[in-house]
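Remarks on the structure that follows.
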Amino acid sequence: MNNMKVNVRIAPSPTGFLHLGTAQSALYNWLFARKNRGKFYLRIEDTDKERSTKEYERSILEAIEWLGLRWDSQDGGFYRQSERSIFYRKALEKLITEKKAFWCNHTKEDLEVERKKQETNKEPPRHICDQKNNSNNFTFFPASSTDGAGWILRLAVDTNSDRKVDFDDIIRGHIEFKAELLGDFSIAKSLDEALYNFAVVVDDANTEITHVIRGEDHISNTPKQILIYEALGLPVPQFAHLPLILSSDRSKLSKRHGATSVVDFKKDYLPDALINFLGSLSYTFSKELMTKEEMIQEFEIKKVHKSGAVFDIKKLNWLNSRYIKKMSPEEFRKISGLNVLESVISIITERLEKLSDVNNFEYFWKEPEYGKELLKWKDSSFEDVRNSLEESKKIIEFSENIRMDLDSLGEKLSNRGLAYWPLRVAVTGKEKSPDPVEIINAIGRKKTLERIKAAIKKLG
């Protein structure tokens, strides 16, 4: 496979943020291109003028670059569909000239009558258009219209044929559809308004895409696109349809299940962790932690799983924690924006799953805030707490082995919790934290003593 030509693409629509499913498709396309020394292109499908925005486009580009999936910018490696209407028009004119596309002005009411009749006869819904029998409809403009309003261009499909439109999916094997069940499907609203399936074919052909790697929800589009390729006399690429990312109830992942776009994950996760997670969702690599370079070496598109993978946030958090642990102090400071000691960084990164959770450790750089009730250990009195903190203060001031002497204090009080709990709260202001002795060693005895004194003062 390494000797074949490979051109692949990712084609997000700027009608929203980059979805996790699209990000996974981008990753597998990128891995396939890099493995085979091919080209990875990015196409912005912005023909939906009402919903497409430049803000979404910028967000998509930033997300792809943040993930480290840089597209090949040379040879038209990045383009927008909105800038390519001349190519669609030329291809549509070719089909009309060759009597492979025709104008249809059946109304929505006409189509609904046809659909209900097919439903009654237990036939699959499709439009079998009698207007392709009228030679006047194979012209650049509808014969009875000056502006084309109410008309649509359709591909002339032989609905009486017993042909099967088939292809060998690299992941799923042989797939076929009866051509007669596709009907005379629409390909453009006008010569200047190509529809999705037609524009995709023209774009993929013009950029010599060799492999179309995309989600399985596009399988139903594939036979229509194959017929368009054939009608235009263009070579048909190979197809590989990826499994969908599923929610816990095994339905397609959507906003109702929570965060679904890459932008939602940027504040909490490292890009390499998210890439590792998305890559492993639908592919079995040799180990759980994989760099992109290691993924490239192992990746084979035919080994992508066929069934959908459930999005497991716990697995993502675990992976992210592993990557956080591997960060250097310089990397942590840059990402977190915190200028803290290495001893503090080691305590934080050892326990961090999500980057935003760094705020749970703010007692390392901010004075803790809490009410005096939090200082009480279970049913102890404030006097018990005061005595414990006074003893702790002496230990911090003079002890050569803080942990051993705090353990001894617990034995003296016959209550280990009374020895450690007020100290923990005094130092952190939290009910839960890393080992208080670790924190004391990280912030230093001077800062610790200041906080113990502040806690004693709270007790009045």
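Numbering (our numbering), first residue to last: 866 to 1325. A virtual CB, placed ideally from N, CA and C, is assigned to each residue, including glycine.
Annotation for Val1030: the continuous beta strand (DSSP E) segment containing it runs Lys1029 to Asp1034. Per DSSP, reduced to three states, the secondary structure at Trp1286 is helical. Short of 6 Å from the beta carbon of Val1030, and not among the five residues preceding or following it, lie these beta carbons of its own chain, in chain order: Phe1042, Ala1044, Pro1088 and Ile1091. Under DSSP, Gly1080 shares a beta bridge with Leu1107. Residue range Leu885 to Lys900 is occupied by the alpha helix (DSSP H) that includes Ala898. Asp975 counts as exposed, since fewer than 16 other beta carbons sit within 10 angstroms of its beta carbon.
Around the CB of Phe1142, 16 or more other CB atoms lie within 10 Å, so the residue is classed as buried.
DSSP, read as helix, strand or coil, puts Lys1312 in helix. Going by C-alpha positions, Ser947 is about 31 Å away from Glu977. Between Lys1054 and Ile1110, the C-beta gap is not smaller than 7 Å, which leaves the two residues out of contact.
Contact between the stretch 1270-1286 and the stretch 1232-1243 is present, with at least three C-beta pairs closer than 8 Å. The bridge partners DSSP lists for Ile1017 are Cys969. When only Cα atoms are considered, Ser1116 and Leu1181 end up about 19 Å apart.
Setting aside the 5 residues that flank it on each side, Leu957 is surrounded in the same chain by Ala1053 and Leu1056, each with a C-beta closer than 6 Å to its C-beta; the list follows chain order. With a contact defined as Cβ atoms closer than 8 Å, Ser1147 and Leu885 miss out at about 12 Å. A distance of 7 Å or more separates the beta carbons of Ser1193 and Glu1218. Taking a cut-off of 8 Å for Cβ pairs, the stretch 1196-1215 and the stretch 1248-1266 do not touch, as fewer than three such pairs fall below it. Ile1305 places its beta carbon 7 Å or farther from that of Lys1258. In the DSSP annotation of this structure, Lys1171 is not part of any beta strand (DSSP E), being labelled neither H nor E.
Using a Cβ distance threshold of 7 Å, Leu1254 and Ile1321 count as a contacting pair. Under the three-state reduction of DSSP output, Glu958 falls in the helix class. In the structure shown, Glu1058 falls within a strand segment according to DSSP collapsed to helix, strand and coil. The beta carbons of Pro1136 and Leu883 sit no closer together than 7 Å. Beyond the five residues adjoining it in sequence on each side, Arg1037 comes within less than 7 Å, by CB distance, of His1106 and Lys1171 in the same chain, given in chain order.
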